[in-house]
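Note that my numbering gives residue 267 to position 45 of the sequence shown, counting from 1, and the numbers run on in steps of one.
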Amino acid sequence: MAARVLLRRRVAAPFMAATLVGGALIPSVALAEAPSHDYPSKKPIYDDYEPFLTPKTINTPVPSPTSDTIPPTSAPSEPTHKPHGPTPTDRLAVEIGKARLFLYRYARATEDAVNSTIDSAFHLEQSFTSTVASLAPSRESGEKLMPGLVYVLVASMAGSILTRNRSVLLRASVPLAFGVGVGWLLIPVTMNNVSDLLWRYERRFPAVADAHLQTRKSIQDAWSFARVHVDVGKNYVDDKVSDARDLVEGWVKKGK
């Protein structure tokens, strides 16, 4: 056992000495990272390394003008931008805009219709009130409506009582005639205003206006004819009364 230990020590000492001498005489570099371009044949010990090829070492084939083996390289074409359709967001925005415009137009039309209806109702009310106010007599005339209207109503009721057993035409016309006649006698200013209002409405219908004018003209002619005959009859009666008086006076004188 002791001999073996001594043997090992003797062998290890020369071996270590030879290793030190060789390291001093032949130096070597242990590269732990990627080598520089001066050491292309050595590889790193930690990762796979591919040798870097300089532009000088890359042999790119240069095609000759007359050779057909290598096709000519074409210039890189610019990428073509294909037109894209509208996105769903764009379509949704367009539909929302259409809906908003539709709602705006509908709301505006509704508002205009309501405003026009209110304006027409206001104008109708104003026209009605002004029309009723225009029928009343003026203060200068001194005419009062309340007693006159009561008399007109009583006259109409009297006409309906007189014609209660007559035909429908008489029961409709006689009370109206009595009321109109009493109205022209008691409240002439108001009746004149009513006739002017009726004439203003009748002028909207030419046929009704012409019929009214003809009827009025015929009534006026009949009235004037009646007045003439009344005047003639009155004069005739006056003449006859004067003649009779003269005759009686002559008889009285002769009797004396």
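C-beta: ideal position from N, C-alpha, C; glycine also.
Short of 8 Å in beta carbon distance, which residues of its chain neighbour residue i, apart from the five on each side in sequence? Order them along the chain.
i      : result
Pro410 : Glu365
Ala331 : none
Asp460 : none
Work out the CA separation of residue j and residue i for me, nearest whole Å.
i      : j      : result
Val402 : Thr437 : 16 Å
Asp334 : Asp341 : 10 Å
Ser389 : Thr339 : 46 Å
Pro308 : Glu317 : 12 Å
Leu391 : Val374 : 20 Å
Asn387 : Leu408 : 29 Å
Leu371 : Ala399 : 15 Å
Ala380 : Ser349 : 34 Å
Val470 : Lys476 : 10 Å
His210 : Ile441 : Missing from the structure shown is residue 210; the chain here goes from 223 to 478 and no further.
Met368 : His434 : 29 Å
Phe324 : Phe344 : 30 Å
Leu314 : Phe427 : 58 Å
Trp445 : Val463 : 26 Å
Ala448 : Asn337 : 58 Å
Val454 : Ala429 : 37 Å
Are the beta-carbon atoms belonging to residue i and residue j less than 8 Å from one another?
i      : j      : result
Thr353 : Leu419 : yes
Leu346 : Thr412 : no
Arg425 : Ala431 : yes
Ala377 : Val404 : yes
Apart from the five residues just before and just after residue i, which ones in its own chain have a Cβ nearer than 7 Å to its Cβ?
i      : result
Glu382 : Sequence inspection shows Ser at residue 382; the Glu mentioned does not correspond to that position. Once the five neighbours on either side are set aside, the close Cβ partners of Ser382 are Arg393 and Pro397.
Val395 : According to the sequence displayed, residue 395 carries Ser and not Val. If we look at Ser395 and ignore the five residues flanking it on each side, it has no Cβ neighbours.
For residue i, which residues of its own chain have a beta-carbon under 6 Å away from its beta-carbon, when the five flanking residues on both sides are left out?
i      : result
Tyr326 : none
Ser363 : Val411
Entirely enclosed alpha helix (DSSP H) segments - the stretch 409-447, minimum 4 residues: 410-424
Uninterrupted beta strand (DSSP E) stretches inside the stretch 341-408 (no shorter than 3 residues): none
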